[in-house]
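Numbering (our numbering), first residue to last: -13 to 94.
Glycine included, each C-beta is placed from N, C-alpha and C at the ideal position.
All values reported here derive from a predicted model rather than from experimental measurement.
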Amino acid sequence: MDSDCGAPFGYDAFRRTCPSHTVLEMLASKWVYLTVCALRRGRMRNGELARKLEGITPKMLTQTLRVLERDGLVRREIFPVIPPRVEYELTDLGRNLAGLLNQIQSWS
């Protein structure tokens, strides 16, 4: 084990190039944490998320959802209706993360 954290395979969370460093950096955002926690209850529309996440600006909500979608944690579904309807839900990977966040909540 080469890492200070005891992780196998040469992972070292202290190095910016380490995947675990990238994940920890993303999770450091309170909005990522809270958005994943909100979505663990099921599909939500943008407005529902905005109401649930008190204090988040529309710009920050959009940025957070884009990051989560890019990283494969959230799936966005666009419905071909007028007015447009978009719903967000956790992917399997996102649900795995939500389980870890549940453990953090229990621990705290």
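Between which two residues does the alpha helix (DSSP H) containing residue i stretch?
i: Cys79; result: In the sequence as presented, Cys is not what sits at residue 79; that position holds Leu. Taken as a continuous stretch (DSSP letters only), the alpha helix (DSSP H) holding Leu79 covers 78 to 93.
i: Leu35; result: 32 to 38
Which of helix, strand or coil does DSSP assign to residue i?
i: Arg26; result: coil
i: Met(-13); result: Bear in mind that a pLDDT of 42 at Met(-13), under 50, signals an unreliable position, so the model cannot answer this.
i: Phe0; result: coil
i: Tyr74; result: strand
i: Thr43; result: coil
Let's see if you can read the secondary structure: which residues bound the beta strand (DSSP E) around residue i?
i: Glu63; result: 60 to 65
To the nearest angstrom, how far is the alpha carbon of residue i from that of residue j?
i: Asp(-12); j: Arg1; result: In this predicted model, Asp(-12) has a pLDDT of only 44, less than 50, meaning its place in the structure is not dependable; the value taken from the coordinates is given anyway. Approximately 12 Å, taken between the alpha carbons.
i: Arg38; j: Thr3; result: Note that residue 38 corresponds to Lys in the displayed sequence, not to Arg. Roughly 34 Å between the two C-alpha positions.
I'd like to know whether the C-beta atoms of residue i and residue j end up nearer to each other than 7 Å.
i: Val22; j: Ala84; result: yes
i: Trp17; j: Met46; result: yes
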